[in-house]
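Contents: one structure, followed by commentary.
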Amino acid sequence: MESRLRDGQSMSINLSAMISTNSSDSSKLSARSSPPSPAKIAMADVASIFIKLRRTREKIKSHHIASTSGEPQTHPSLAGDGVTCAERVEMELNESYVCVGAVDVVKLLRCSRTKLFEKASYWNANVLINEQWSCTICGPKFRKDGTFRVHIRYSASASRSSRPDPQRPVALEKVKSVPGLMTVLSRRS
1 MESRLRDGQS
11 MSINLSAMIS
21 TNSSDSSKLS
31 ARSSPPSPAK
41 IAMADVASIF
51 IKLRRTREKI
61 KSHHIASTSG
71 EPQTHPSLAG
81 DGVTCAERVE
91 MELNESYVCV
101 GAVDVVKLLR
111 CSRTKLFEKA
121 SYWNANVLIN
131 EQWSCTICGP
141 KFRKDGTFRV
151 HIRYSASASR
161 SSRPDPQRPV
171 ALEKVKSVPG
181 LMTVLSRRS
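Going by the UniProt record's numbering, the first residue of the sequence shown is number 1, and it counts up by one from there.
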């Protein structure tokens, strides 16, 4: 294969050098056939291929619905100095759900937070502070079964407090869901 790149010239690939000239292959060619001509690919063609690939990637992700809580937040009942213990344990949970029919992100966030809260109880923590979540819903655009794949990342700090935990995720007003009746087919951590 031969490729050259000079100032102001396009890159060319000589494909004729890649064709083997074995004696068995040359006997198959007729006397009238002309030798194969080298195919040339210009830099502009390569650039347009990359642009098309980028557009295809953007189209594939266009059926994703993403929502996030934003910066880490603490419930107002647990905010303030001296309300929680200074010792904190950073925790994170990544879960994937497969749903059909619809996606109720509020319920899925409650499930994820409950699981994180149960893990916090192993460290004798009774509240979650500095909570943050993100959710991505991958729609059924290319799946014939109509399932939604939901990825939730929930992080928080486990701590102790004399006040009770609110038992609900933060920033529920930022949730983006798919309306309808949701059926959860599987859950994976």
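All residues carry an ideal CB built from backbone N, CA and C; glycine is no exception.
Alpha-carbon to alpha-carbon, residue j and residue i
| i | j | result |
| --- | --- | --- |
| H151 | C135 | 6 Å |
| S157 | V89 | 5 Å |
| S186 | V178 | 17 Å |
| C99 | D145 | 11 Å |
| T114 | T183 | 19 Å |
| H63 | K176 | 13 Å |
| P169 | R110 | 6 Å |
| A171 | K52 | 38 Å |
| G70 | V106 | 16 Å |
| A42 | K174 | 48 Å |
Host beta strand (DSSP E) of residue i (start-end)
| i | result |
| --- | --- |
| V89 | 89-100 |
| T68 | 64-68 |
Spatially closest choice to residue i from the options, by CA coordinates
| i | options | result |
| --- | --- | --- |
| R160 | I137, A125, K115 | A125 |
| G80 | S162, G70, K174 | S162 |
| S112 | L78, E131, G101 | E131 |
| Y97 | T68, C138, T74 | C138 |
| L116 | G70, A44, S67, S155 | S155 |
| E92 | A171, A120, A42 | A120 |
| L188 | E173, L108, I129 | The sequence given here places Arg at residue 188; Leu does not occur at that position. Residue L108 is the option with its Cα nearest to R188. |
| L78 | A102, L128, P72 | L128 |
Residue burial classification, residue i (beta-carbon count within 10 angstroms, cutoff 16)
| i | result |
| --- | --- |
| F50 | exposed |
| T84 | buried |
| E95 | buried |
| L181 | exposed |
| C123 | Reading the sequence as shown, one finds Trp at residue 123 and not Cys. So W123 ends up on the exposed side. |
Residue range of the unbroken alpha helix (DSSP H) whose run includes residue i
| i | result |
| --- | --- |
| C85 | First-last for C85: undefined, no H or E at that position. |
| S121 | 105-121 |
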